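Participant: Would you mind keeping the following structure in view while I ask a few things?
Protein chains: 6
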Amino acid sequence: MTTVLVVNVNTTQAVTDVIAAAARSGVSATTRIVALTPRFGPASVESNYESHLSAVGVLDAVQGFDGEFDAVVHAGFGEVGREALQDVLTVPVVDITEAAAHTACLLGRSFGVVTSLDRTTPAIGDRLLLAGLAGRCAGIRSVDLPVLDLEANPEVTVKAFVEQARRLVEEDGAEVVCLGCAGMAGVHEAVAAALDVPVVDGVAAAARLAESLVGLGLSTSKARSYAPPRAKDVRGWPLRGGEAG
Amino acid sequence: MTTVLVVNVNTTQAVTDVIAAAARSGVSATTRIVALTPRFGPASVESNYESHLSAVGVLDAVQGFDGEFDAVVHAGFGEVGREALQDVLTVPVVDITEAAAHTACLLGRSFGVVTSLDRTTPAIGDRLLLAGLAGRCAGIRSVDLPVLDLEANPEVTVKAFVEQARRLVEEDGAEVVCLGCAGMAGVHEAVAAALDVPVVDGVAAAARLAESLVGLGLSTSKARSYAPPRAKDVRGWPLRGGEAG
Amino acid sequence: MTTVLVVNVNTTQAVTDVIAAAARSGVSATTRIVALTPRFGPASVESNYESHLSAVGVLDAVQGFDGEFDAVVHAGFGEVGREALQDVLTVPVVDITEAAAHTACLLGRSFGVVTSLDRTTPAIGDRLLLAGLAGRCAGIRSVDLPVLDLEANPEVTVKAFVEQARRLVEEDGAEVVCLGCAGMAGVHEAVAAALDVPVVDGVAAAARLAESLVGLGLSTSKARSYAPPRAKDVRGWPLRGGEAG
Amino acid sequence: MTTVLVVNVNTTQAVTDVIAAAARSGVSATTRIVALTPRFGPASVESNYESHLSAVGVLDAVQGFDGEFDAVVHAGFGEVGREALQDVLTVPVVDITEAAAHTACLLGRSFGVVTSLDRTTPAIGDRLLLAGLAGRCAGIRSVDLPVLDLEANPEVTVKAFVEQARRLVEEDGAEVVCLGCAGMAGVHEAVAAALDVPVVDGVAAAARLAESLVGLGLSTSKARSYAPPRAKDVRGWPLRGGEAG
Amino acid sequence: MTTVLVVNVNTTQAVTDVIAAAARSGVSATTRIVALTPRFGPASVESNYESHLSAVGVLDAVQGFDGEFDAVVHAGFGEVGREALQDVLTVPVVDITEAAAHTACLLGRSFGVVTSLDRTTPAIGDRLLLAGLAGRCAGIRSVDLPVLDLEANPEVTVKAFVEQARRLVEEDGAEVVCLGCAGMAGVHEAVAAALDVPVVDGVAAAARLAESLVGLGLSTSKARSYAPPRAKDVRGWPLRGGEAG
Amino acid sequence: MTTVLVVNVNTTQAVTDVIAAAARSGVSATTRIVALTPRFGPASVESNYESHLSAVGVLDAVQGFDGEFDAVVHAGFGEVGREALQDVLTVPVVDITEAAAHTACLLGRSFGVVTSLDRTTPAIGDRLLLAGLAGRCAGIRSVDLPVLDLEANPEVTVKAFVEQARRLVEEDGAEVVCLGCAGMAGVHEAVAAALDVPVVDGVAAAARLAESLVGLGLSTSKARSYAPPRAKDVRGWPLRGGEAG
């Protein structure tokens, strides 16, 4: 039995539930998904400010988890923080932005991303640039709806995602579409039904890649970038993460 | 039960056997590996000329396979031909060069490749460039030994691979090492034992990624690059592939 | 007297004839053009699958040519196979995709390409990326007509090419237009007449560059990428190429 | 009177003092430097983990500052967090990594960076890549000494920095050297004295650029990437930053 | 008192006057701006030909200046010649194209440029490419009006600049706008008023950066690219520059 | 009869003579080479300063040439000025730096450049970057000898060039060597004899490419970058070029 922790970046339990279901849909029957919600942080993550707050909330959630686990999925599309987890863990860590992009690269020559708010598209672009995959990305489009409004009017949401996905394929030349937002129930099916291209859900893909790395016996290199932090004083840190540094 | 065809690019059965074992080591118990050897083509593939011949040998082997399968692994490190398979198949196709690189990107900030002959390093570089992953590659080094000599003197081979892998890590800054050659039994263990970095075997990684794509219900986009070829005359083609175009 | 072999990638003699005329239009009076049609392979090359089949057809045609020659032109726009020829030949080999692009770079700051089917544009992009010239390419557009239909309705063909070339110049900023398809009689003149930019025919350019390399006493480097293949068994190969490996 | 807040990323007051002095050395007499030390966080920042913790410590320090200010300098070389400050502030924010690189670009064709620990060089590379300046960077070298040991043995430190700077110039082709570490008193003078190239201190450069942006009447664009975060619940956040989101 | 020479690239005094005012608006009260007009050369610089003529006119103006100065601003947007000044001077030299781009990078994730004639946009692109900042540039647009006509009908000019700036922000994703033309009084204010993004005037930014480099005690590296020219014969040179080589 | 003007960038007639011979060695018997020496300018061009002076000397020489010509070769390796000639001429203009690189790309996967002074290597890199060919360049090395000393001690010169060319091939992976300096009699033969790779002389290659463009009926695009300069006042210009602007 492989256990994969899937960590939401916001503090909204309903989003965590959708993420958990997506992760479960991606893995084998022998893999257990444990979905975590940070104890603190913003209700949704839609800015650089919130992204940086969420990074410590995610760290706190993982470092406070009481149990064994074999891999971690960082379920923030475009969010920072994956590297911090890699430093302090010995199990593999998979970011959903990168998982979606790597998976899409196996399916088509170029991929596009549809996300929620327009203002988050630059951060997604930054993550892809750092991942070295920006050259395969045909475009990043948004429906320009806040994350927590997506569930409020599902019909509008679905229609907007389908429309932007269509433009990625028809105008930008994307051959695969990545859904750039965790926690959008129903959108995946609708986009896949409307367009004749593969649609990649980052959470499902990341959970599967995490399971795969465990199966291959591979984990994060500790050679340089992600070596364990040196033992040192962490002064006045009010969060759990402070003790573990 | 998922069936993954793993196709050797050369016509040497002993290499196919090693590839099959590597692929089996990478997949779940519920996945069946079927390893194919082309009916014709070079005994080893170490040049652009042989690479292009092997592409049709691989096509012929897959098109002539009498049975059901869920995914294909193209087991030529640096070889051409993955795109051709994607055109004619509806199941996912994974190339071992790209599988190794994508997997390595999940494990460290940069990776290096060790391969057999020096003259094949440019072709590997080309595959990584087309895959958009050249920016994450810290170096491609070779032991400069012909593929079919690798097994002849295993001690020399292993020592040479360890030495080049060490230089990738210490001189080039690679944090992960990819073995850039299918069919090198024992090398993986030796390099992993000698160096404190993850070592990725392309065949095992590709087989696992192929299984994962099947599990995720994803396959090659037919939107543009890999659309099925239009029906047309193929004149005088002496190979099986000719009938299927 | 310099002899340049110009090899069509498809098996349609009418296309070979047009290619031969284009090549002749590009070279000096003292250069002889010999145009070859592969003995086998697809009637037109419009997919990765067909491109890989054509590569061995082209190899077979050149290796089976009974006569002396000083250079070879690989006349497939966007097709693979140039590198394989370079391995087995000592005379220079020029690919028409690259010839068009290099020539265009001498004439303007950026160039565009108009080709036949939309699905072939990614492969052209890949060839330009490998050639290092993607940065100078302002766009690749297609008329989205099958190669063998181009001659059927010349007026429609010419109009479509002119329209896409105009968009390359006016919308994409191309200063030079490359015709990305061998064997389109009349199109060159029409586009050049309609637009006030240089129009480069890849076949004519490649034939001239091949002649120029011969005149400069230069040929393919055998230092690494294109070294002759090592002597080895080629098993069960039904084509002429097999004996020469 | 212009006031520039200069925020240390670690919680070591002695480092803040050195940073403050460096900042003062860079600005006009009419600019006031106020140096802040985060209330919590690691004593030194030398890993991705610590970098992400420091980002919220820096946010907390700035958001808790009781007074007027015209610009902020984020004084972590290679650290994350600049974007988060830009979201929540209307005054300009300058990161010392980027300030050093932009300044160096005005002085020579390529620059190099010398930093403390080897493991921090990839993070510096990432910051330069996101800044679009990686192409001007000839190399990033380290003395491989922990930040807090640098002051312990100043002679060793200075000698090590001079040696690595010399290699940047002589082996890597750097024409300008950036000191990739805040808080190294004496190093700047020593390197500048030993080598005949400009030596850029990131803190001084950033303070001067911050002052310059104020003088030019320019501040962060709020058009997209750095728009103010939308008002929303921040649950259970134990830090000051929580209230301001 | 710091003295900054600001050199117009054309021979039109009215343009020099506007440039001088822009430079003065950017610097501290303690910095003196001296604006120079070349003795010879074109009345406006709008082609590569004129750009190369202007380079020697600028050299002549600076080398003929009778007085002390601490820095030089090369006030040609997209023009060549900055490197030549750096060779022969020991004080820092700042080009307005690069100054605008570097400054814009501190204010937003991507910037756009609006310039006068369409035909000058490629040269601006070349300068940004050489500066390593092309990746941060979202677009270069022109109003397609000749430089010397800009003042003739200020209302038309302003409206055209605002329109193109708006398209940079709304269509191209620019978060900051650079005015790509020296000597356009009134345009800066109008664009800044119409759009809610920072607007960077290259002359003001360059003058401020020049002052800043002086304040930081930094000047051009003489290590390689900009080493002083070796003493040698300059034959028959009719310009002042000839004596100083 | 095709006439190609080959313009030296320096004012040393002996260098012009060597250049003329190299050009003649590259072209057909039916092409006439006319070699020009500028009336003024530096005796050798080894800095950005001299490069910019030479650009107007070259313009003056071409504009003052009394006769018909079909193409122009700009014979400065790494020098600026090609674009200025393209603006004012309707015949094709070929730069030797670019001609060498384009030719080398047809011969091997990567090329290297050997030039005279180390300080000129950055300018060569800039020309290759603008040409879009930097990605194919494995290295630029220098013998670090002044241009006019190269002929003084031919044995030392030849030995130094061979040594650097060997390092390009063996250490940098170059498969083709370009001689990055006009006017080095004997070096070409020596390097070609010592190393088993193609050696490209930029002058011969450029002359041949110029002849080829004429033969193909192609010339510079006037669509945008190289449109003729608008008629305007050129004030006080003491050179011939002034009248023609």
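Protein chains in written order, with my numbering: chain A, 32 to 276; chain B, 32 to 276; chain C, 32 to 276; chain D, 32 to 276; chain E, 32 to 276; chain F, 32 to 276.
For every residue, glycine included, the Cβ atom is placed at its ideal position computed from N, Cα and C.
Source: prediction; values computed, not measured.
1. What are the boundary residues of the alpha helix (DSSP H) that B/T42 is part of?
2. Taking a contact to mean a Cβ-Cβ separation below 9 Å, would you say F/G233 touches F/A213 in this structure?
3. Hey, out of C/V37, C/T62, C/T34 and C/T68, whose CA is closest to C/A45's CA?
4. Ignoring anything shorter than 4 residues, give me the alpha helix (DSSP H) runs that lie fully in the stretch 226–262 of chain A, in order along the chain.
5. Quick one, which of D/R167, D/R198 and D/R113 has its alpha-carbon nearest D/V40's?
6. Who are the Cβ neighbours of A/L138 in its own chain at under 6 Å, not counting the five residues just before and after it?
7. Alpha carbons only, please: which of D/K190, D/D101, D/V222 and D/F71 is nearest the one belonging to D/S250?
8. Spatial neighbours of D/A162 within its chain, please: CB distance less than 7 Å, with the 5 preceding and 5 following residues excluded, ordered by chain position.
9. Below 9 Å on C-beta distance, what does E/G156 contact in chain D?
10. Mind checking if B/P260 is an interface residue toward chain A, Cβ cutoff 9 Å exclusive?
11. How long is the line joining the alpha carbons of E/A52 and E/V58, rounded to whole angstroms?
12. Under a CB-based cut-off of 9 Å, is D/G107 close to chain E?
13. Which of the three DSSP states, helix, strand or coil, is assigned to E/R140?
14. Determine the contact status of C/V103 and C/A225, defining contact as a CB-CB distance below 9 Å.
15. Under 7 Å between beta-carbons, which chain B residues line up against A/A236? List them in chain order, please.
16. Name the chain C residues that come within less than 7 Å of E/P153, Cβ to Cβ?
17. Just confirm the distance between the C-beta atoms of E/S295 and E/C168, as a whole number of angstroms; I'd bet it's less than 8 Å.
18. May I ask you to list, following chain order, the residues of the stretch 214–235 of chain B that have a beta carbon less than 8 Å from some beta carbon of chain C?
19. Can you pull the DSSP bridge partners for F/C168?
20. At a Cβ threshold of 9 Å, is A/H133 touching chain B?
21. Interface residues of chain D around A/F71 at Cβ under 7 Å?
22. Let me check understanding here. Comparing Cα to Cα, which of F/V35, F/L90, F/T33 and F/F71 lies closest to E/R266?
23. Below 8 Å on the Cβ atoms is my guess for E/P123 versus E/V245; work out the distance and round it to an integer in Å.
24. Within its chain, find whatever has a CB closer than 6 Å to the CB of A/E81; leave out the 5 residues flanking it on each side and keep chain order.
25. Specify, as a first and last residue, the run of the alpha helix (DSSP H) that D/G211 falls within.
26. Output, in chain order, the set of chain E residues within a Cβ distance shorter than 7 Å of F/T42.
27. Let me know if D/P177 comes out buried or exposed under the rule of 16 or more other beta-carbons within 10 Å of its beta-carbon.
28. When you compare only the Cα positions, how much space is there between D/A66 and D/V93?
29. According to DSSP, is F/L181 helix, strand or coil?
30. Just the Cα atoms here: how many angstroms apart are B/H83 and B/I64?
31. Please check if any C-beta of chain E sits within less than 9 Å of the C-beta of D/T34.
32. I need the straight-line Cα distance from D/A205 to D/G143, nearest angstrom please.
33. Pull out every residue of the stretch 164–181 of chain D whose Cβ sits closer than 7 Å to any Cβ of chain E, in chain order.
34. Would a C-beta distance cut-off of 9 Å place D/R158 and D/G109 closer than the cut-off?
Facilitator: Straight from the coordinates:
1. Residue mapping note: residue 42 of chain B aligns to position 11 of the second sequence, counting from 1. Run containing B/T42: none; DSSP gives neither H nor E here.
2. Indexing the sixth sequence from 1 puts residue 233 of chain F at position 202. Indexing the sixth sequence from 1 puts residue 213 of chain F at position 182. Going by C-beta atoms, F/G233 is nearer than 9 Å to F/A213.
3. For the purposes of this step, residue 45 of chain C is identified with residue 14 of the third sequence, where counting begins at 1. Distance check between C/A45 and each of C/V37, C/T62, C/T34 and C/T68 places C/T68 closest, using alpha-carbon atoms only.
4. Listed in chain order, the complete alpha helix (DSSP H) runs (minimum 4 residues) inside the stretch 226–262 of chain A are 233–246.
5. As a position in the fourth sequence, residue 40 of chain D is number 9, starting the count at 1. For the residues D/R167, D/R198 and D/R113, the minimum Cα distance to D/V40 belongs to D/R113.
6. Residue numbering aside, residue 138 of chain A sits at position 107 when the first sequence is read from its first letter. Cβ neighbours of A/L138 beyond the five flanking positions: V207 and P229.
7. Within the fourth sequence, residue 250 of chain D is the residue found at index 219, counting from 1. For D/S250, the closest alpha carbon among the candidates D/K190, D/D101, D/V222 and D/F71 is that of D/D101.
8. For the purposes of this step, residue 162 of chain D is taken as the residue at position 131 of the fourth sequence. Spatial neighbours of D/A162 in its own chain (CB-CB distance under 7 Å, excluding positions within 5 residues in sequence) are listed in chain order as E129 and A132.
9. Your numbering for residue 156 of chain E matches position 125 in the fifth sequence. The contact set of E/G156 on chain D, defined by CB atoms closer than 9 Å, is empty, because the minimum CB distance reaches about 14 Å.
10. Against the second sequence, residue 260 of chain B aligns to sequence position 229. With 9 Å as the cut-off, B/P260 does not count as an interface residue toward chain A.
11. Indexing the fifth sequence from 1 puts residue 52 of chain E at position 21. Indexing the fifth sequence from 1 puts residue 58 of chain E at position 27. One alpha carbon belongs to E/A52, the other to E/V58, and they sit about 10 Å apart.
12. Residue 107 of chain D sits at position 76 when you count from the first residue of the fourth sequence. For D/G107, the nearest beta carbon of chain E is not closer than 9 Å to its own beta carbon.
13. Along the fifth sequence, read from residue 1 onward, the residue named residue 140 of chain E stands at position 109. It is coil, neither helix nor strand.
14. In the third sequence, counting from the first residue as 1, residue 103 of chain C sits at position 72. In the third sequence, counting from the first residue as 1, residue 225 of chain C sits at position 194. Not closer than 9 Å, so no.
15. Translated into positions along the first sequence, residue 236 of chain A becomes position 205. One finds L247 in chain B with Cβ atoms closer than 7 Å to the Cβ of A/A236, taken in chain order.
16. Position 122 of the fifth sequence, counted from the first residue, corresponds to residue 153 of chain E. Within 7 Å Cβ-Cβ: R140.
17. Since the first residue of chain E shown is 32 and the last is 276, residue 295 of chain E is not available in this structure.
18. Those would be none; no residue qualifies.
19. Looking up residue 168 of chain F in the sixth sequence gives position 137. Residue pairing by DSSP places F/C168 opposite F/F142 in a beta bridge.
20. Numbered from 1 along the first sequence, position 102 holds the residue referred to as residue 133 of chain A. Chain B contact via Cβ: present.
21. Taking the first sequence and counting its residues from 1, the one referred to as residue 71 of chain A is at position 40. Ordered by position in chain D, the residues that pass the 7 Å Cβ test against A/F71 are R266, G267, W268 and P269.
22. Your numbering for residue 266 of chain E matches position 235 in the fifth sequence. Comparing Cα-Cα distances from E/R266 to each of F/V35, F/L90, F/T33 and F/F71, the minimum goes to F/F71.
23. Reading the fifth sequence from its first residue, position 92 is the one you call residue 123 of chain E. Reading the fifth sequence from its first residue, position 214 is the one you call residue 245 of chain E. At roughly 7 Å, the Cβ-Cβ gap stays under 8 Å, so E/P123 and E/V245 are in contact.
24. Counted from its first residue, the first sequence places residue 81 of chain A at position 50. Closer than 6 Å at Cβ, skipping near neighbours: P73.
25. Reading the fourth sequence from its first residue, position 180 is the one you call residue 211 of chain D. Segment V207 to G211 is the beta strand (DSSP E) holding D/G211; no alpha helix (DSSP H) there.
26. For the purposes of this step, residue 42 of chain F is taken as the residue at position 11 of the sixth sequence. Under the 7 Å cutoff, chain E gives R266.
27. Along the fourth sequence, read from residue 1 onward, the residue named residue 177 of chain D stands at position 146. The C-beta of D/P177 has fewer than 16 other C-beta atoms within 10 Å across all chains shown, which makes the residue exposed.
28. Here residue 66 of chain D refers to the residue found at position 35 of the fourth sequence. Here residue 93 of chain D refers to the residue found at position 62 of the fourth sequence. D/A66 and D/V93 have their C-alpha atoms spaced approximately 10 Å apart.
29. As a working mapping, residue 181 of chain F is identified with position 150 in the sixth sequence. DSSP places F/L181 in coil when its eight states are reduced to three.
30. As a working note, residue 83 of chain B is residue 52 in the second sequence. As a working note, residue 64 of chain B is residue 33 in the second sequence. Those two C-alpha atoms are separated by around 25 Å.
31. On the fourth sequence, position 3 is the one that residue 34 of chain D refers to. Answer no: the Cβ-Cβ gap between D/T34 and chain E never drops below 9 Å.
32. Residue numbering aside, residue 205 of chain D sits at position 174 when the fourth sequence is read from its first letter. Residue numbering aside, residue 143 of chain D sits at position 112 when the fourth sequence is read from its first letter. Answer to the nearest angstrom: the Cα atoms are 5 Å apart.
33. Listed by position along the chain: L164, G166 and R167.
34. Translated into the one-based positions of the fourth sequence, residue 158 of chain D becomes position 127. Translated into the one-based positions of the fourth sequence, residue 109 of chain D becomes position 78. Between D/R158 and D/G109, the C-beta gap is smaller than 9 Å, which places the two residues in contact.
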